[in-house]
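Listed in order, the protein sequences are those of chains A and B.
Numbered according to the numbering used here, the first sequence spans residues 4 to 259.
Numbered according to the numbering used here, the second sequence spans residues 12 to 319.
First the structure, in the form of structure tokens, and then the observations on it.
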Amino acid sequence: MSASERSFTTWGDAETSLAFEASPRSVRAVLADEVVAGSKHAMLLHESGYAPVYYFPLEDVRTDLLEESEHETTCPYKGEARYWTVAVRDRRAENAAWSYPRPAPGTPDLGGYLAFRWEAMDEWYEEDDRLVGGARDPYHRVDAVWSDRHVRVLLGGVVVAETRRPCLVFETEAPTRYYLSPDDVRTELLAPSGTSTACPYKGMASYWSATVGDRTVEDVAWSYEAPPPEQPKLAGLLCFWPERVDVIEIDGRPAP
Amino acid sequence: MVRPAPWESEWIESPRRVSVSFGGAQLASSTRMMLLRQHGFLPVYYFPAEDVRVDLLVPTDYVTESPYKGIATYWDAVVGDRVAPCAAWSYLDPKPGSPDTRGYYSFDWHSMDAWDEETERLYVHARDPYLRADALPSRRHVQIEVGGTLVADTRRPVLLFETGLVTRYYVRPEDVRMDLLQPSETFTLCPYKGRAGYYHVSSNDERYEDAAWQYLQPLPDVAAVAGHLCFWNERADTTIVVDGEQLEPTPMRRFFAVPAPESARRGRPGERQHDFSRPNGRAEGPPDTVVDLAVERAGGRTEDWVTL
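Rendered as structure tokens:
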């Protein structure tokens with residue numbers, strides 16, 4: 004099937020745009036070592052403001068592992084959702100699967116598909132590649148580019164980082180992030196905070212808190228110690244939240 | 012404020028500093044870039060006039076006409092004794108309903124010596140912020156025949172998913188009849204994947220030209236395909252069977268047609284051209300541009316790629 008022939012339906016209104024798109028990727032969701040859903044015909048539901056969600060054709064779901072639940076929700080764009088609890092031996096993921104058996108008018112036929120809450124499953128795969136933090140959005144790109152811009156980070160009136168060799172990370176529809184070599188950061192002011200987050204494109208981030216004078220700012224910066232092969236430049240670099248420092252200056256001006 | 016879906020966005024701000032150089036001069040460099048994305052065309056950077064060395068541009072009579080954007084006016088870029096004919100263009104009066112590109116200039120990619128984003132060199136064309144290329148290891152069973160001979164059989168392919176394009180099946184050399192492959196002179200360049208070298212395939216006393224390709228040192232986006240061989244899904248001489256199912260042949264993308272057909276060669280300066288007949292995946296460009304921008308068979312600057 005060529006890309007142009009693949010099913011792609013859009014709907015929505017001025018506030019919310021949605022698309023239901025056939026994915027060429029084989030997708031699997033695993034709970035307690037059991038493949039709960041595995042399909043070469045998965046659909047990807049895009050909804051503005053949200054990460055995309057995989058929907059599996061019913062025939063590719065282990066419906067014998069699903070127990071109907073009382074839970075219901077309503078979405079103006081998708082209709083009334085019914086929920087199921089996924090049960091594998093002694094593991095139960097409450098209300099972890101849902102479907103729109105009667106989609107709202109003007110909505111593509113979601114009725115034959117089931118979706119699963121990302122965090123409720125133990126493992127997700129695209130082909131044989133383990134996913135981290137969510138499905139990859141095929142319209143999302145992350146370019147890490149070395150730059151010579153002059154970057155200064157001020158916190159509590161102190162310059163905590165200064166460099167002329169930042170790595171700029173341009174992520175689709177996200178603010179530019181400035182990743183800095185630890186050699187250019189006053190790392191003696193930083194301590195690991197224990198916080199971590201997962202990103203489908205950059206991997207697992209570890210967070211750092213900064214202490215300047217008697218003030219400590221939690222989770223002021225993060226770093227990717229082991230980014231995936233597609234983001235080799237990020238390894239070990241530090242990035243500061245502009246909202247948690249006084250200012251991040253780029254070539255003498257506050258970062259946009 | 013209605014925000015268009017990503018696949019509809021056309022005229023968008025880019026936060027990247029982009030510079031373009033010619034004849035030792037920086038013709039333009041800006042941190043206030045715009046990117047024009049049009050369905051079916053490659054994305055094109057536009058520079059605000061204030062960030063362009065307009066003193067190095069000489070007006071020409073040449074124009075191209077886009078049924079959508081209107082008439083593009085062209086300038087020669089002149090630096091010392093080097094001239095890049097009709098290498099810069101601008102829409103002085105864009106058609107109503109098309110992006111308001113007034114006050115912006117763009118440059119023909121291949122007429123220029125170098126393009127940079129921040130301090131990194133750019134190749135072939137601007138990258139589209141709404142496209143990605145994912146190279147994923149897979150357990151699908153892939154069998155490929157060229158000219159009736161089974162040349163690849165694997166259960167450990169790497170599948171390459173590039174937004175909007177056909178899935179490609181990359182096979183490690185151990186699972187390919189490498190004894191049937193001979194290196195070709197052909198290579199292609201891609202800003203997402205890097206430089207690909209090609210192979211001819213011998214099968215039943217026939218030679219199938221450039222029937223396979225390989226990225227020896229791919230860009231990090233698709234690191235997993237390094238050294239793997241890939242075959243066309245667009246050619247009648249090649250069949251690809253995945254998990255026992257033969258893939259439908261896909262049409263050759265328009266800008267894979269190299270060299271460009273004679274009919275696509277530009278007319279005389281002053282003659283109006285219709286951009287939709289351009290074979291190179293872009294709407295604008297100088298006359299006599301017949302290089303293929305998406306897949307170049309013998310162009311580009313190979314020395315730049317060796318260091319990647």
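We put the beta carbon where it would ideally sit given N, CA and C, even for glycine.
Values in this document were obtained by computation on a predicted structure and should not be read as measured data.
Listed by position along chain B, the residues whose Cβ is nearer than 8 Å to that of Asp36 (chain A) form an empty set, because the closest Cβ is around 17 Å away.
Considering only A:Val64, A:Val215, A:His153, the residue with the shortest C-alpha distance to Ile251 (chain A) is A:His153. Residue-level contact by beta carbon holds for Glu128 (chain B) and chain A, with a gap shorter than 7 Å. Gly81 (chain B) is bridged by DSSP to B:Ser77. For Asp186 (chain A), the closest Cβ of chain B is not nearer than 7 Å.
C-alpha of Asp190 (chain B) to C-alpha of Leu161 (chain B): approximately 12 Å in a straight line. CA-to-CA, the gap between Ala235 (chain B) and Pro107 (chain B) works out to about 45 Å. Not a single CB atom of chain B sits nearer than 7 Å to the CB of Tyr53 (chain A). Distance between Tyr181 (chain A) and Ser25 (chain B), taken at the CA atoms: about 16 Å. For Asp232 (chain B), the nearest CB of chain A lies under 7 Å from its own CB, placing it at the interface with that chain. Look at Ser150 (chain A): its C-beta is under 7 Å from a C-beta on chain B.
A contact is defined here as three or more CB-CB pairs under 8 Å, and the segment 124-142 of chain A meets this definition with respect to the segment 52-59 of chain A. In this structure, Gly158 (chain B) sits near Asp248 (chain B), with a CB-CB distance shorter than 7 Å. Judged by beta-carbon spacing, Tyr57 (chain B) lies beyond the 7 Å limit of Ala83 (chain B), meaning their Cβ atoms are not closer than that value. Secondary structure within the segment 15-72 of chain A: the beta strand (DSSP E) runs of 3 or more consecutive residues, fully enclosed, are 20-25, 30-34, 37-42, 46-50, 56-60 (chain order). Per DSSP, the unbroken beta strand (DSSP E) holding His211 (chain B) starts and ends at 205-214.
Here Gln37 (chain B) has Ser30, Val31, Arg64 as same chain residues with Cβ atoms under 8 Å from its own Cβ, once five neighbours each way along the sequence are excluded. The C-alpha of Asn98 (chain A) is placed about 7 Å away from the C-alpha of Ser72 (chain A). Only buried fits Thr110 (chain A), as 16 or more other CB atoms lie within 10 angstroms of its CB. The C-alpha of Thr179 (chain A) is placed about 17 Å away from the C-alpha of Ala208 (chain A). Tyr142 (chain A) has a beta carbon lying within less than 7 Å of a beta carbon in chain B. At a Cβ-Cβ threshold of 7 Å, Asp222 (chain A) and Ser199 (chain A) do not count as neighbours.
For chain A, the residues of the segment 157-186 of chain B that bring a beta carbon within less than 7 Å of one of its beta carbons are Leu170, Phe172, Thr174, Gly175, Leu176, Val177, Thr178, in chain order.
Annotation: the continuous beta strand (DSSP E) that includes Pro148 (chain B) extends over 144-148. By the neighbour-count criterion, in which a residue is buried when 16 or more other Cβ atoms sit within 10 angstroms of its Cβ, Leu133 (chain B) is buried. Between Phe119 (chain A) and Ala32 (chain A), the C-beta spacing is below 7 Å. By the criterion of a C-beta distance shorter than 7 Å, Arg85 (chain A) is surrounded in its chain by Glu75, Trp101, Ser102, Pro104, once the five residues flanking it on both sides are discounted.
For Tyr227 (chain A) and Trp149 (chain A), the gap between their C-alpha atoms comes out near 16 Å. The beta carbon of Glu129 (chain A) sits closer than 7 Å to some beta carbon of chain B.
The continuous stretches of beta strand (DSSP E) do not include Asp112 (chain A), and DSSP gives it neither H nor E. Following the DSSP letters along the chain, one finds Glu245 (chain B) in no beta strand (DSSP E), marked with neither H nor E. In the three-state scheme derived from DSSP, where H, G and I count as helix and E and B as strand, Thr190 (chain A) is classed as helix.
Shown here for Pro59 (chain B): same chain residues with a beta carbon closer than 7 Å to its own, the five before and five after excluded, namely Ser41, Arg43, Gly114, Tyr115 in chain order. Interface residue (Cβ-Cβ distance to chain B less than 7 Å): Pro235 (chain A) is classified as such. When the five nearest sequence neighbours on each side are left out, the beta carbons in the same chain lying within less than 8 Å of the beta carbon of Ala144 (chain B) are those of Leu171, Phe172, Glu173, Thr174, Tyr203, Lys204, Asp232, Val233, in order along the chain.
For Ala235 (chain B), the chain A residues whose Cβ falls inside 8 Å of its Cβ are Pro232, in order along the chain.
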